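Chains as they are written, first to last, in the numbering used here: chain P, 1 to 194; chain B, 1001 to 1194.
Below you'll find the structure, written out as structure tokens, and then a few comments.
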DNA sequence: TCTATTATATGAGCATGATCACAATAGAGC
DNA sequence: GCTCTATTGTGATCATGCTCATATAATAGA
């Protein structure tokens, strides 16, 4: 059983490595499941023993890149804007290697609003991110203010930023940072104001 | 030539009717292009002489439902919130018959942020909606304030509302209206404030 | 009215994500 | 070692969005 478990993990890693290589080289769409399988030296069917869908491979990559807990200290910042900006910027730094093929993840993390999927990995990412946002907001706003609607609106704005980021052509992605800045300002203004 | 043009239009309508019927009955995903073609009494290939993709059929339906110009009078409202709410609510009333299968349109109207597609019909819808928003904002905020970033943020929020709407299970979709209300409040607060 | 040209319809066929019945294999019990 | 069972690998196969060479019909020209 030990050996088998190791072998499984090896295959898993081989698939992830092969997929990442191809995604980087030829993009997500041009990377067929057959190519991934061939590149990883396994049969096409085997691929789906490890990942339920092609998108799940991307989701999985991103999940493994996320460190256990975001390294933002809630007490480190003077304003909520600052804290949220640091958190978002940090998340995006982690996501950066996958920027160019993040779209499928966005579509499946977005769509759950449409298809309330089961225990999807994308959902976990979302939940973790939002939990951190809430924790960061705690010192600055009354807990009652942070309703589910607030979470939802934050997430919508965050997705909007990511969607823009995916194709941001500006040299250092400064367009995206500006958008992020404005989005957070808008959100915080609303959350604290009124 | 006259007869042919008529025949083309007839076929077009037959396709749209067949598709709408199937989408309503069995949903977007379960409606295959073959089923649409069969239901419309044409060959599968013919379908694609009229619509480039399956999603385009939905987009087309929605476009035809949109009246030439949104019937909102800019001078009719006392506050920007009111005006924007009226506009969004009106748009959603128009979209209501298609609510359940709006997802593909959202994904292609959203994705263009990712894939800056050519002259897609979905883009037109977006542009028209945003133009109206800008016109409504004119009496209330300085024109300089309504930057492209502002448009983008409005659109993101609006899409968030629509995405929630698609699966809103509350009896009269009051959850969505609440979300819309908050989203607009947030946007207007930011646009006017600071 | 007959032919030539153009526009439209057709369905076999392709690419690809995913499935599934079956084959190979590894570990457990003896 | 040897069987037996459960787990994992395999590739033929399916479903479906879409394409394309060809067939068909419709109009223009004579």
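We treat Cβ as the ideally placed atom computed from N, Cα and C, and that holds for glycine.
What you are looking at is a predicted structure, and each value in this text was computed from that prediction instead of being measured.
Using three-state DSSP, classify residue i as helix, strand or coil.
i: residue 30 of chain P; result: coil
i: residue 53 of chain P; result: coil
i: residue 1021 of chain B; result: helix
i: residue 65 of chain P; result: helix
i: residue 45 of chain P; result: helix
i: residue 78 of chain P; result: coil
i: residue 189 of chain P; result: helix
i: residue 40 of chain P; result: coil
i: residue 15 of chain P; result: helix
i: residue 103 of chain P; result: helix
i: residue 9 of chain P; result: helix
Establish whether the CB of residue i and some CB of chain B are separated by less than 8 Å.
i: residue 186 of chain P; result: yes
i: residue 59 of chain P; result: no
i: residue 195 of chain P; result: The requested residue 195 of chain P does not occur in the structure, where chain P is confined to residues 1 to 194.
i: residue 56 of chain P; result: no
i: residue 179 of chain P; result: yes
i: residue 89 of chain P; result: no
i: residue 193 of chain P; result: yes
Mark residue i as exposed unless 16 or more other C-beta atoms lie within 10 angstroms of its C-beta, in which case mark it buried.
i: residue 1027 of chain B; result: exposed
i: residue 65 of chain P; result: exposed
i: residue 45 of chain P; result: exposed
i: residue 156 of chain P; result: buried
i: residue 127 of chain P; result: exposed
i: residue 1055 of chain B; result: buried
i: residue 152 of chain P; result: buried
i: residue 1104 of chain B; result: buried
i: residue 19 of chain P; result: buried
i: residue 1160 of chain B; result: buried
i: residue 1183 of chain B; result: buried
i: residue 193 of chain P; result: exposed
i: residue 6 of chain P; result: exposed
i: residue 1120 of chain B; result: buried
i: residue 1091 of chain B; result: buried
i: residue 1109 of chain B; result: buried
i: residue 1025 of chain B; result: exposed
i: residue 147 of chain P; result: exposed
Is residue i near the ligand FMN, judged by its Cβ being under 7 Å from some heavy atom?
i: residue 72 of chain P; result: Among the components modelled here there is no ligand, and therefore nothing to report on the ligand FMN.
Strictly under 8 Å for the Cβ-Cβ distance: is residue i near chain P by that measure?
i: residue 1094 of chain B; result: no
i: residue 1250 of chain B; result: Given that chain B is displayed from residue 1001 to residue 1194, the structure contains no residue 1250 of chain B and the question cannot be resolved.
i: residue 1062 of chain B; result: no
i: residue 1183 of chain B; result: yes
i: residue 1141 of chain B; result: no
i: residue 1123 of chain B; result: no
i: residue 1152 of chain B; result: yes
i: residue 1010 of chain B; result: no
i: residue 1160 of chain B; result: yes
i: residue 1084 of chain B; result: no
i: residue 1156 of chain B; result: yes
i: residue 1027 of chain B; result: no
i: residue 1189 of chain B; result: yes
i: residue 1163 of chain B; result: yes
Inspect the beta-carbon positions of residue i and residue j and report whether they are closer than 8 Å.
i: residue 1011 of chain B; j: residue 1042 of chain B; result: yes
i: residue 1060 of chain B; j: residue 1102 of chain B; result: no
i: residue 14 of chain P; j: residue 37 of chain P; result: no
i: residue 943 of chain B; j: residue 1125 of chain B; result: Outside the shown range of chain B (1001 to 1194) lies residue 943 of chain B, about which nothing can therefore be said.
i: residue 1187 of chain B; j: residue 186 of chain P; result: yes
i: residue 1023 of chain B; j: residue 1031 of chain B; result: yes
i: residue 106 of chain P; j: residue 178 of chain P; result: no
i: residue 138 of chain P; j: residue 74 of chain P; result: yes
i: residue 165 of chain P; j: residue 99 of chain P; result: yes
i: residue 1087 of chain B; j: residue 1133 of chain B; result: yes
i: residue 1085 of chain B; j: residue 1168 of chain B; result: no
i: residue 62 of chain P; j: residue 95 of chain P; result: yes
Please go through the stretch 120-187 of chain P and give each complete alpha helix (DSSP H) segment of 4 or more residues, from N-terminal end onward. 121-137, 148-166
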